[in-house]
Structure formats: structure tokens, C-alpha cells
Amino acid sequence: MLSPASFDTHLRVMILFVATGFIVLEYGLSRLAHHDGHDLKESAASFAVWIGHGALRALEAGLLAVPFALAYQYRLFDFDTFSPLGLGALFLLTEFAYYWYHRASHRIRWLWATHAVHHSSTRMNLTAAVRLGWTGTISGHFLFFLPLAFLGFHPIAIVGMLTINLAYQFFTHTELSPRLGPLEWVLNTPAHHRVHHASNTACLDRNYGGVLIVFDRLFGTFAEAPKDEPLRYGLVGVKPSLNPLKIAFGEWARMGRDLGNAGSWRERVRAVLAPPGPPIRPKTVAEKPRTAPTPFIIQGE
1 MLSPASFDTH LRVMILFVAT GFIVLEYGLS RLAHHDGHDL KESAASFAVW
51 IGHGALRALE AGLLAVPFAL AYQYRLFDFD TFSPLGLGAL FLLTEFAYYW
101 YHRASHRIRW LWATHAVHHS STRMNLTAAV RLGWTGTISG HFLFFLPLAF
151 LGFHPIAIVG MLTINLAYQF FTHTELSPRL GPLEWVLNTP AHHRVHHASN
201 TACLDRNYGG VLIVFDRLFG TFAEAPKDEP LRYGLVGVKP SLNPLKIAFG
251 EWARMGRDLG NAGSWRERVR AVLAPPGPPI RPKTVAEKPR TAPTPFIIQG
301 E
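Residue numbers are given in the UniProt record's numbering: position 118 of the sequence shown equals residue 118, and the series is strictly consecutive.
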């Protein structure tokens, strides 16, 4: 039987080939439609980031196998994921966990430092889907899914369902898809995910769902695209880069600068745990205004 780490690796190799084929297909369709949806240099940068993510993912999967195995060893229940009921429960709970992981990744900077990589592309196409952070384990993303193993879902089943969830999301990263009618009420469609990636003020921190959009509607984070302005993509207040290392570690570097510029413990905590925002500027010591010297008068005797 495959270990969770080996299963994860096999799945990702298969996804690599399938995703590459669809990216090439999307590029060809964009050219035929005269749609300026790809920038080859930016797409190449996304591929480079993806390669780095994949290389580190093998190590990451091995490390995470331990806490998931321990959580499953002390599980509360035994869910049969080969039954329709067990499979449905795993799907909904994985989606629920993903929603809160995704929402937290936008509202807590320590998590955003990894997730910002995914939002750094200025084009919305399938290559943006594979622009994934390298430091997910450091940020602690796995903690949102660990309770699933403790509840009684086998780690391999969790990996499989999460992979299916992310594979679906791959196809939401495109501008070529029209709106999908009644499905827009239930599913996270390309139209909804374009809003999520947009840097327009009205679109920030919206539409966190993976496969479903129902939790966004339930918890008040759903938004439609603004009708009076085109969608813009990329990070707010950050100059785009084509350097894979700057893309992967840029937000960590900005966080480090904010920690260095922080003038109090409150500012240090804010630099790490508060939502992303304007940089912390170093405080300058205000000079006292210079005044003319008081004249010293020597009185004669």
C-alpha cells in the first residue's frame, strides 16, 4: 500500500502532465480568439515557481506524514470513504476546511506570506493556477486539514480529496470561460474565481471557496464582479517580478523589513499576524526647532 507521501507524489506527477497539456491548449485558444490573456515571460516565471514548489513538495509530504499519522492513530471515529456517505462527508469537510484555510491565508500575514505567491500573477490564466508558494509547511497550512485525520478520515483519503479539490480549482483560473448559469449559485466557477484574484478594491478578500461557493454565501464573503470597471490582477502595492526567488520569498522579505522597522511589540505582532496592509515605515526622530541664541550682555561697571 502506498504511503500518503508516495500517493501525493504520484498524483502530482500525473497532474503535472495533464495541467501542462491544458495550459498549452488554453494558450492556443487565446491566440485564436485574439485574447491577450498570456504573457510568455510571466508564464515562464510561473512554471519556474511551480517546479520549485514541486521539488519541495516531495520533502514536505514526507514531513507532514508524521502528524497526520499520529492524528489518525488517535482518531475519534472510523469513516468508510468507500461508502457514498463517508465520501460525501469527506468532500464537504475538506471544502469547509479549505474555505477557512483560504480565508485565514488572506487575513493573517504569516499565512499570506506563502499564499501571496499565488496572487502575484498579473494575468488570469491556467499558469496562474500553478504559481504556488514554497513555504506552506512553515506557514502551517496543514493545520487546517489535520482535524480531518483526527475525526477518522484516512490520511490517503484526505490527500486524494484535497487533490481533487485543487484539480477542480485549476480550471477556474481562466478568462476564456463564460458564466455557467444556475451553477454559479453553488460552484466556485471561473467567473467567481476571477473576482477572488482581482486586485480591485471591491474584490479584495472575496470568494474563498474551492469547489463550492456556498460557504462564501453563508459567511458573507461572496462578491460578484464590479460592473463599472475591468478586473485587474496582481498584488496591491507590489511591483510585479519575473524572478522566481523574489516571487517565492518576496512577502517574507517585506514582512522582515516591517519587523525591522517596527517601533513597538504591538507593531511587531501586527507585522506578522495582522491582515496584509501598508508597510511599516521606520520612525524618524523629529529634530527640535532651532532658535536664535539668547544674547549674553556684559554690563559695564
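For each residue, glycine too, the CB sits at the ideal point set by N, CA and C.
The alpha helix (DSSP H) spanning residue i covers which residue range?
i, result
"D258", "P244 to N261"
"T127", "L126 to A129"
"F150", "L146 to L151"
"I108", "Careful: I108 lies outside any alpha helix (DSSP H) and carries neither H nor E."
"I138", "G136 to S139"
"V272", "W265 to L273"
Can you give me the C-alpha to C-alpha distance between residue i and residue j, rounded to a whole angstrom?
i, j, result
"L87", "I158", "10 Å"
"V18", "L29", "17 Å"
"S105", "L32", "36 Å"
"E287", "A253", "Note that E287 scores a pLDDT of 48, beneath 50, so its modelled location is shaky and nothing firm can be said."
"G277", "R232", "18 Å"
"P190", "S264", "43 Å"
"Y72", "F150", "5 Å"
"A58", "I51", "11 Å"
"L16", "R266", "43 Å"
"C203", "L76", "39 Å"
"H35", "F171", "17 Å"
"A129", "A167", "10 Å"
"G260", "L242", "26 Å"
"S43", "L90", "34 Å"
"I247", "K41", "13 Å"
"L180", "D216", "18 Å"
"T135", "S177", "31 Å"
"F249", "S83", "42 Å"
"T294", "N200", "Note that T294 scores a pLDDT of 49, beneath 50, so its modelled location is shaky and nothing firm can be said."
Rounded to the nearest angstrom, how far is the Cβ of residue i from that of residue j, given a contact under 8 Å?
i, j, result
"V49", "P244", "5 Å"
"W110", "L273", "6 Å"
"S121", "S46", "6 Å"
"V117", "R131", "6 Å"
"V186", "I213", "7 Å"
"H119", "H197", "6 Å"
Mind checking who residue i pairs with in its DSSP beta bridge?
i, result
"Y101", "Its beta-bridge partners do not exist; DSSP assigns none."
"L212", "L187"
"residue 350", "Given that the chain is displayed from residue 1 to residue 301, the structure contains no residue 350 and the question cannot be resolved."
Please tell me whether residue i has its Cβ less than 9 Å away from any Cβ of chain C.
i, result
"Y74", "Looking for chain C here will not work: only one protein chain is present."
Runs of alpha helix (DSSP H) wholly within the segment 162 to 210 (minimum 4 residues, chain order): 190 to 197
Minimum length 4: unbroken alpha helix (DSSP H) runs contained in the segment 40 to 95: 40 to 73
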